[in-house]
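Q:
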């Protein structure tokens, strides 16, 4: 099993992905494809897991990809009144926020049994992501007119993220069973 590229909106303060595993005794070849919609927007994912044991070496590679499109439309109604309570200005802001998750993750791991009492293991996570999106506002006057600088407001960004995490672990089992 390996890390996934799917991050959920329920993860308010972030995501924690626990990956537990034992050294595999059998070779692993697995491919999962997913497609669906969320709030009427499409999503597609692919996950592949490879692994095998060759003598004292046990290895694995997980590859995951995700592409998901998201939209959050909303309409906001504004009213401005003068000191006497008379409405002097009213307009509607039609706002659309968009985002697209385009990401791929690679998670290789290896475990070497060096001797009866020593083993060396390493695992890594390499993730690349591109997240184009933005916010687009259009204001329609109902009474009066919004100030010119508020007629429209568009923002488009494309953050690109690369992250890497790697670990190496040496384990020595002493004659009395203690581990170092």
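In my numbering, the protein residues as written are 1 to 180.
Glycine included, C-beta positions come from ideal geometry on N, C-alpha and C.
Owing to the predicted nature of the structure, the values given are computational and were not obtained by experimental measurement.
Below 8 Å on the Cβ atoms is my guess for residue 45 versus residue 66; work out the distance and round it to an integer in Å.
A: Here the question's residue 45 lines up with position 45 in the chain shown. Here the question's residue 66 lines up with position 66 in the chain shown. 5 Å between Cβ atoms; contact.
Q: Cα separation between residue 169 and residue 60?
A: Here the question's residue 169 lines up with position 169 in the chain shown. Here the question's residue 60 lines up with position 60 in the chain shown. Going from the Cα of residue 169 to the Cα of residue 60 covers about 16 Å.
Q: Output the distance between the C-alpha atoms of residue 103 and residue 161, rounded to the nearest integer angstrom.
A: Translated into the one-based positions of the chain shown, residue 103 becomes position 103. Translated into the one-based positions of the chain shown, residue 161 becomes position 161. Each residue's alpha carbon lies about 9 Å from the other.
Q: Please name the residue, chosen from 175, 55, 153, that lies closest to residue 117 on a Cα-to-Cα basis.
A: On the chain shown, position 117 is the one that residue 117 refers to. Selected option, being the one with the closest Cα: 175.
Q: May I have the straight-line CA-CA distance separating residue 141 from residue 157, to the nearest angstrom?
A: Taking the chain shown and counting its residues from 1, one reaches residue 141 at position 141. Taking the chain shown and counting its residues from 1, one reaches residue 157 at position 157. About 28 Å.
Q: Is it the case that the Cβ atoms of residue 70 and residue 38 are separated by a distance below 9 Å?
A: Taking the chain shown and counting its residues from 1, the one referred to as residue 70 is at position 70. Taking the chain shown and counting its residues from 1, the one referred to as residue 38 is at position 38. Closer than 9 Å, so yes.
Q: Could you give the residue range of the beta strand (DSSP E) that holds residue 57?
A: Against the chain shown, residue 57 aligns to sequence position 57. Looking at the DSSP string, the run of the beta strand (DSSP E) that includes residue 57 is 57-81.
Q: What separation, rounded to the nearest whole angstrom, lies between the Cα atoms of residue 97 and residue 68?
A: Here the question's residue 97 lines up with position 97 in the chain shown. Here the question's residue 68 lines up with position 68 in the chain shown. Spanning the two alpha carbons is a distance of roughly 14 Å.
Q: Relative to the C-alpha of residue 133, which candidate in 145, 126, 99, 90 has its C-alpha closest?
A: Here residue 133 refers to the residue found at position 133 when the chain shown is read from its first residue. Closest by alpha carbon: 99.
Q: Can you name the residues that DSSP bridges to residue 53?
A: Within the chain shown, residue 53 is the residue found at index 53, counting from 1. Answer by DSSP bridge pairing, in chain order: 58.
Q: List the whole-angstrom C-beta distance separating residue 90 from residue 129, where the pair is believed to meet the contact cut-off of C-beta under 8 Å.
A: Here residue 90 refers to the residue found at position 90 of the chain shown. Here residue 129 refers to the residue found at position 129 of the chain shown. No, residue 90 and residue 129 are not in contact; Cβ-Cβ is about 41 Å, not under 8 Å.
Q: Ordered along the chain, which non-local residues of its own chain (more than five positions away) have a Cβ less than 6 Å from that of residue 127?
A: Start at 1 with the first residue of the chain shown, and residue 127 comes out as number 127. Contacts found: 105, 163.
Q: Decide if residue 111 is buried, meaning its Cβ has at least 16 other Cβ atoms within 10 Å, or exposed.
A: In the chain shown, the residue the question calls residue 111 occupies position 111. Buried, because 16 or more other Cβ atoms sit within 10 Å of the Cβ of residue 111.
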